C-alpha cells in the first residue's frame, strides 16, 4: 500500500474538505426570483427554503386565484434557476469543484 495509497487518501480528504466548504457557502446563499415585473418576488436560500415572499396588492384578484398561483410558481422557478446557475458557477470557479480526474472520474 506504499506512498501511492497515502497520496490518494490525502487527496480524498482535501476533496471532502472542498465539498464541505461549497456546501456551507450554498447554505449562506440567497437568491430572489420575480414574476410579472416584480408583482411577485420571493427569496430562497441555498437549500431551496423559502425565506420571504412579497405580493403586490395590485396582483391580488379574488376572481383570478389561479393567476396569482401561476405568478408564485414563476417567481419560485426563477429563483431556483438563479440558485442552480449560481451553484454551477461556484463549482467551476475558483475554489470550486476539485479535479476528479486524479481519482479516476
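Numbering (my numbering), first residue to last: 1 to 105. Idealized CB from N, CA, C, for every residue including glycine. Because the structure is a prediction, the values reported are computed rather than measured.
Which of helix, strand or coil DSSP assigns to residue i
i          : result
residue 43 : strand
residue 33 : strand
residue 56 : coil
residue 64 : coil
Residues bridged to residue i [DSSP beta-bridge criterion]
i          : result
residue 83 : According to DSSP, which records beta bridges pairwise, residue 83 is partnered with nothing at all.
residue 50 : 44
Could you tell me whether the segment 50-67 touches the segment 9-24, where touching means 3 or more Cβ pairs closer than 8 angstroms? Short answer: they don't touch.
If contact is defined by three or more beta carbon pairs under 8 angstroms, each pair taking one atom from either stretch, is the segment 6-14 in contact with the segment 62-81? no
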